[in-house]
Structures are given as structure tokens and as C-alpha cells.
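End of the sequence shown sits at 160 in the numbering used here; the numbers just go up one at a time, nothing left out.
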Amino acid sequence: MRIGHGYDVHRLTEGRKLILGGVEIPFERGLDGHSDADVLLHAVMDSLLGAAGLRDIGVLFPDNDPRYEGISSMLLVREVMNHLEAQKLRVGNVDVTILAQRPKLKDYIPQMRDHLAQALKLPAERVNIKATTEEGLGFTGSGEGIACHAVCLLEE
Ligand code: MG
Numbered sequence: 005m006r007i008g009h010g011y012d013v014h015r016l017t018e019g020r021k022l023i024l025g026g027v028e029i030p031f032e033r034g035l036d037g038h039s040d041a042d043v044l045l046h047a048v049m050d051s052l053l054g055a056a057g058l059r060d061i062g063v064l065f066p067d068n069d070p071r072y073e074g075i076s077s078m079l080l081v082r083e084v085m086n087h088l089e090a091q092k093l094r095v096g097n098v099d100v101t102i103l104a105q106r107p108k109l110k111d112y113i114p115q116m117r118d119h120l121a122q123a124l125k126l127p128a129e130r131v132n133i134k135a136t137t138e139e140g141l142g143f144t145g146s147g148e149g150i151a152c153h154a155v156c157l158l159e160e
């Protein structure tokens, strides 16, 4: 087995959709970025690439490449899965923590989990997503941005 960790941050800004785990969440602001800025999927992909020894999504999908402008991160997950499959690696499980003061994410977590499980070709019970506020502290607490941590296991 191989373990991987991923971490990502995106700034919250007006005039953007908020997409987390491939799910559009109603909110007055969204995450800024070159792609759809799905911070959850970015952290998950970095954990997968980390476990596989394949660097990170910044190397795989450069943010100055017009092919990735506005792209759904779900499509990038598919590409990461192709890289894992080429190395005969499959995902054992993933565990994700979203750091967000607002909006409340609890009601959207089952849908995010289903999307992510499908993308990773896993039963839902091998995918865990949780969200926490940071008690108003720091950039996540002030609502400047959303951060996400992910850990995964890969099996050979
Ligand atoms: Mg990112």
C-alpha cells in the first residue's frame, strides 16, 4: 500500500460558481482559479499523485495551459485515474476535510461523496468527506478562501 496527502486553497470571490466535489453549491461567492477551482478535487488529486510518486496537479495540468481554462476538475480526476491505472494502482480509500466558515456544507456532502466515489471507481463507504469551520480564525475563518486536506491509500 502507498499513502498520499494533498492540500489546496482557493480564494473566494464574487462572480464565480462554488463547485466542491463536482457539486455546485448555492452561495454568493465562488472559488477563483484557472479551472473550475474545485479545491476538494484538487486536494484529492494531489493525494493520489503523491501516493503514486507522480508529483502534483500543477505539473500535470499547468495553469498557463489554455486547455485547462474553466475545465471541470472531474475531467482532470479522470486523467489522474488513467495515470494510476497505467501504473496498475487502484485507490483503497480517501478521507477529505474541507475547511470553510461558510456556507454550511453538511447537506451537500452525500452528493459530493457519490460524485467522488464514482470518479475514483470506489464504493461510497471508501470515500469520506467532512467539513469544519475554523472558529472564525485565519483566512478560512474570515471567508477569504476555502482550504481542503485529503489523504488516500493506493493499492498495487
Ligand atoms: Mg487548486
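Beta carbons are placed, not taken as given, at the ideal position from N, Cα and C, and that holds for glycine.
This structure is a prediction, so every number in the text was calculated from the model and none was measured.
Are the CB atoms of residue i and residue j nearer to each other than 8 Å?
i	j	result
Y187	A47	As displayed, the chain neither begins before 5 nor continues past 160, which places residue 187 out of reach and without an answer.
S51	A151	no
I133	G19	no
How would you write the range of the beta strand (DSSP E) that residue i sits in, first residue to last?
i	result
E28	V27 to I29
D42	Premise fails: D42 is in no beta strand (DSSP E) and is neither H nor E.
L24	L22 to L24
R94	R94 to L103
I need the DSSP call for residue i, collapsed to helix, strand or coil.
i	result
H87	helix
G149	strand
D12	strand
A135	strand
I7	strand
Since residue i is in the alpha helix (DSSP H), which residue starts that stretch and which ends it?
i	result
I117	Sequence check: residue 117 is Arg here, not Ile. Element bounds for R117: I113 to A123.
I61	I61 to L64
Give me every residue whose Cβ sits closer than 5 Å to any heavy atom of the ligand MG, in chain order.
D12 and H46
If you pair each beta-carbon of the stretch 54 to 67 with each one of the stretch 140 to 147, do three or more pairs fall below 8 Å?
Under the Cβ criterion (8 Å, minimum of three pairs), the stretch 54 to 67 does not count as touching the stretch 140 to 147.
At least 3 beta-carbon pairs within less than 8 Å: the stretch 74 to 87 vs the stretch 101 to 111
no
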